[in-house]
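Asks: Here it is, the structure, as structure tokens.
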Amino acid sequence: MIPPMGIEYPADLATRIGFLLSRAHLLAREGADRVLGELGLTAKGYAALATVISDGPISQRKLSSRIRMDPATMVDVIDALEQSGRVVRRRNPNDRREYALVTTAAGRALFARARKALDAAERETLRDLDLKETEQLRELLGRIARRPGPLTTADVERSLLG
20 MIPPMGIEYP ADLATRIGFL LSRAHLLARE GADRVLGELG LTAKGYAALA
70 TVISDGPISQ RKLSSRIRMD PATMVDVIDA LEQSGRVVRR RNPNDRREYA
120 LVTTAAGRAL FARARKALDA AERETLRDLD LKETEQLREL LGRIARRPGP
170 LTTADVERSL LG
């Protein structure tokens, strides 16, 4: 595939993985924020909703740890999802001091719409790649992203969810 014409970066920047990842992240994030915003969601809200759907019922503390979001920020995210009827807090029968987060039918429906919208935004971001290149990129980024590292909660929030 011939690379599309676009922005020309200085040679040193054009060869820096960090710079290229950052630029690609900005493009992907712009599309994701737009489509999620149209549905009344944020990236943080989507991350929380996706995790409650996949791992729920789950405590707010475990959810915060699972997606590496600051607990204080998580309170605001869950409050917004609860107020909009997307999740409910239920007492944990095994530990009455703790609440378990559970999605509602409205939350699952919103997640399905958000997922489709994000799929379309992702296709737009990756429009210059063919299917094989897209899968290769997903595999390579996944290997990097899954590696344990020195990321702090603040790093994750600032760069991935911020």
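With this note's numbering as the guide, the letters of the sequence shown map in order to residues 20 to 181.
For every residue, glycine included, the Cβ atom is placed at its ideal position computed from N, Cα and C.
#1: Can you give me the start and stop residues for the alpha helix (DSSP H) that Leu156 sits inside?
#2: Got a sec, what are the start and stop residues for the beta strand (DSSP E) Thr122 sits in?
#3: How would you call Met20, buried or exposed, if buried means at least 16 neighbouring beta carbons within 10 angstroms?
#4: If you drop the 5 nearest sequence neighbours on each side, which residues of the same chain put their C-beta closer than 7 Å to that of Leu46?
#5: Hey, could you find the ends of the alpha helix (DSSP H) Arg80 is sitting in?
#6: Under 8 Å by Cβ, that's how I've got Leu191 and Ala67 pegged, so tell me the actual separation to the nearest angstrom.
#7: Please report the straight-line C-alpha distance between Arg142 and Thr153, rounded to a whole angstrom.
#8: Considering only C-alpha positions, which residue in the set Arg48, Glu27 and Ile86 is nearest to Ala139?
Replies: On the basis of the coordinates in this document:
#1: Residues Leu150 to Arg165.
#2: From DSSP, the beta strand (DSSP E) with Thr122 extends over Asp114 to Thr122.
#3: In this prediction, Met20 scores a pLDDT of 42, lower than 50, which makes its location untrustworthy; the coordinate-derived value is nonetheless stated afterwards. Residue environment: Met20 is assigned as exposed (fewer than 16 neighbouring CB atoms within 10 Å of its CB, all protein chains considered).
#4: Excluding positions up to five away in sequence, the list reads Thr144.
#5: Counting along the chain, the unbroken alpha helix (DSSP H) around Arg80 starts and ends at Gln79 to Arg85.
#6: Coverage of the chain is limited to positions 20 through 181, which leaves residue 191 absent and any answer about it impossible.
#7: When rounded, the separation of the alpha-carbon atoms in Arg142 and Thr153 is 9 Å.
#8: Considering only alpha carbons, the answer is Arg48.
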